[in-house]
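**Q** Whatever position you read off the sequence shown (first residue = 1), add 47 for my numbering. First the structure, which I've put down as structure tokens, then a few questions once you've had a look.
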Amino acid sequence: MEHLAVIEDPRRGRVAYDLTEILVIVTCAMFSEVETFVDIAEWARHKEAWLRRFLRLDNGLPSHDTLNRVFRLLDPKAFEDAFRAWVGDTLPAFRHIAIDGKSLRGSGKRNPVHMVSAFATEAGLVLAQREVSGKGGELAAIPHLLEALELRGAIVSLDALGCQRELAGQIRARGADYLLAVKGNQPGLHQALKDAFADQADALAHEQTLDGHGRKSIQIASVIANTGHVDRTQWPDCTSLGRVLSLRTQNGKPGRIEARYYISSATLDPDELAGAARRHWAIENDLHWRLDVMLREDACAVKRDHAPANLSIVRRLILNMLKLDTTHPKRSVRLRRKCAGWDDDERMRVLQILPI
């Protein structure tokens, strides 16, 4: 709770309910699969005795209107700064950081809130996030995330939107390597990679077969050294060129072959490229899927002001706490959350809350 205590309260004048206590109540309630502000206020009423084990609640419990108003007013950047400070104090450095964005569909049809997250792929933990104005603002948010994170020694992967010279240079300047997906938004670079692999039929390759749910995917990753195919003055320290060929079959029926191309400042072998490319897309399965299916982010109909973004930060905090809890390693993340929702002592332990 000490990291939440530094967040500036957006309310002016006398306030009846402490901001830190409001944030803790909402986090505990959402941990227990409670979603709307009305339900959160009712949950808190039923759990008041438990909440008083670690909160003063000098003026009792806030109403759902108060919860809603505070989350609408609270600056998400201040909340994110506190989140990132907690991450920096709690988590070690990571070898692979993937950056990708996700729209909060329930926040509006025309202009939904869009959150860009930095994700430690091997640990499955959110390192930072930033609210942007729609998917079009994602590119502008990436430099801020890169500046805020400790990157030295890591590989930072970005999808084709992030395949930009300025971002590659920023990543290298921070002591990290980049792995950038290359598509048609960089037509010259895309064609250069196609030509490079057309001339390198004997490139070292790694083949992997993945099975599941009636589907089979054969992936062949190839890497060649950049010996002049890509201009290193344009793409800083571009050392490796990569290609991943994917053939998917459904119930024995083959589909089309998909080719994905990459550039990297790291010296990669085909196995390392295959692993890094696969881990990058873990942000879809390990983060975005859990946010939608387990924490029902897209179903959340909160739309006004900063409330959608602030609730999104709470969800990412909850996922991190669940991933960090290894007391019962055989439990899935979903089951860990359910157990913490059912049991007050378990919830207090997972959230690392100390009684007063």
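Even glycine gets a Cβ: it sits at the ideal position worked out from N, Cα and C. Computed from a predicted structure; not experimentally measured.
#1: Would you decide whether Asn332 is buried or exposed? Buried here means 16 or more other CB atoms lie within 10 Å of its CB.
#2: Between Cys386 and Trp133, what straight-line distance do the alpha-carbon atoms span, to the nearest angstrom?
#3: Use the C-beta contact count for Ile360: other C-beta atoms within 10 angstroms, 16 or more gives buried, fewer gives exposed.
#4: By the DSSP assignment, the beta strand (DSSP E) with Ala375 in it spans what residues?
#5: Nearest to Ser269 by alpha carbon, out of Tyr225, Leu398, Gly322?
#6: Thinking just about the alpha-carbon of each residue, which of Ala145, Thr113, Gln399 is nearest to the one in Leu172?
#7: Please state the DSSP three-state secondary structure of Pro301.
#8: Just to confirm the assignment, what range does the alpha helix (DSSP H) spanning Lys370 have?
#9: List, from N- to C-terminal side, the beta strand (DSSP E) runs of 3 residues or more that fit wholly inside the region 129-161.
#10: Please report the residue range of the alpha helix (DSSP H) in which Arg92 lies.
#11: Assuming the contact rule is C-beta atoms closer than 8 Å, His276 and Ala228 should be a hit. Round their C-beta distance to whole Å, please.
#12: Distance, Cα to Cα, Val71 vs Asp122?
#13: Of the residues Thr373, Lys94, Asp147, Trp97, which one's Cα is nearest the Cα of Glu178?
#14: Decide if Asp206 is buried, meaning its Cβ has at least 16 other Cβ atoms within 10 Å, or exposed.
#15: Using only the alpha-carbon positions, how far apart do Asn106 and Phe118 sit?
#16: Pick from Thr83, Cys75, Leu104: whose alpha carbon is nearest that of Ile365?
#17: At which residues does the alpha helix (DSSP H) containing Val397 begin and terminate?
#18: Using CA atoms only, rank isn't needed, just tell me which of Lys230, Trp282, Leu288 is closest to Asp246.
#19: For Glu213 and Asp278, I'd like the C-alpha separation in whole angstroms.
#20: Assign Thr373 to buried or exposed, taking buried as 16 or more other Cβ atoms, counted over all protein chains shown, within 10 Å of its Cβ.
**A** Short version:
#1: On the sequence shown, residue 332 is found 285 positions in, with the first residue counted as 1. Exposed: under 16 other Cβ atoms inside 10 Å.
#2: By 1-based counting over the sequence shown, the position of residue 386 is 339. By 1-based counting over the sequence shown, the position of residue 133 is 86. Whole-angstrom Cα-Cα distance: 24 Å.
#3: On the sequence shown, position 313 is the one that residue 360 refers to. Classification of Ile360: buried, given that the 10 Å Cβ count is 16 or more.
#4: Within the sequence shown, residue 375 is the residue found at index 328, counting from 1. Here the sequence assigns His to residue 375, which means Ala is not the residue at that position. First-last for His375: undefined, no H or E at that position.
#5: The sequence position of residue 269 within the sequence shown is 222, counting from 1. The residue with the shortest Cα to Cα distance from Ser269 is Gly322.
#6: Position 125 of the sequence shown holds residue 172. Among Ala145, Thr113, Gln399, the Cα nearest to that of Leu172 belongs to Ala145.
#7: Residue mapping note: residue 301 aligns to position 254 of the sequence shown, counting from 1. In this structure, Pro301 counts as strand in the three-state DSSP scheme.
#8: For this step, residue 370 is matched to residue 323 along the sequence shown. Here the alpha helix (DSSP H) through Lys370 covers 354-371.
#9: 143-151
#10: By 1-based counting over the sequence shown, the position of residue 92 is 45. Segment 84-93, the alpha helix (DSSP H) holding Arg92.
#11: The residue labelled residue 276 in the question sits at position 229 within the sequence shown. The residue labelled residue 228 in the question sits at position 181 within the sequence shown. In fact, because the Cβ distance is near 17 Å, the residues do not count as touching under 8 Å.
#12: What you label residue 71 is simply residue 24 of the sequence shown in a count that begins at 1. What you label residue 122 is simply residue 75 of the sequence shown in a count that begins at 1. For Val71 and Asp122, the distance between alpha carbons rounds to 16 Å.
#13: Indexing the sequence shown from 1 puts residue 178 at position 131. Ranking Thr373, Lys94, Asp147, Trp97 by Cα distance to Glu178 puts Asp147 first.
#14: Within the sequence shown, the letter at position 159 stands for residue 206. Counting Cβ neighbours within 10 Å, Asp206 comes out buried, since at least 16 surround it.
#15: What you label residue 106 is simply residue 59 of the sequence shown in a count that begins at 1. What you label residue 118 is simply residue 71 of the sequence shown in a count that begins at 1. Asn106 and Phe118: Cα-Cα distance of roughly 19 Å.
#16: Working through the sequence shown from its first residue, we reach residue 365 at position 318. It is Cys75 whose Cα lies nearest to the Cα of Ile365.
#17: The residue you call residue 397 lines up with position 350 of the sequence shown. Run containing Val397: 391-397, per the alpha helix (DSSP H) assignment.
#18: Start at 1 with the first residue of the sequence shown, and residue 246 comes out as number 199. The shortest Cα separation from Asp246 among Lys230, Trp282, Leu288 belongs to Leu288.
#19: To locate residue 213, count along the sequence shown from 1; it is residue 166. To locate residue 278, count along the sequence shown from 1; it is residue 231. So the two alpha carbons sit approximately 14 Å from each other.
#20: Residue mapping note: residue 373 aligns to position 326 of the sequence shown, counting from 1. Exposed is the call here.
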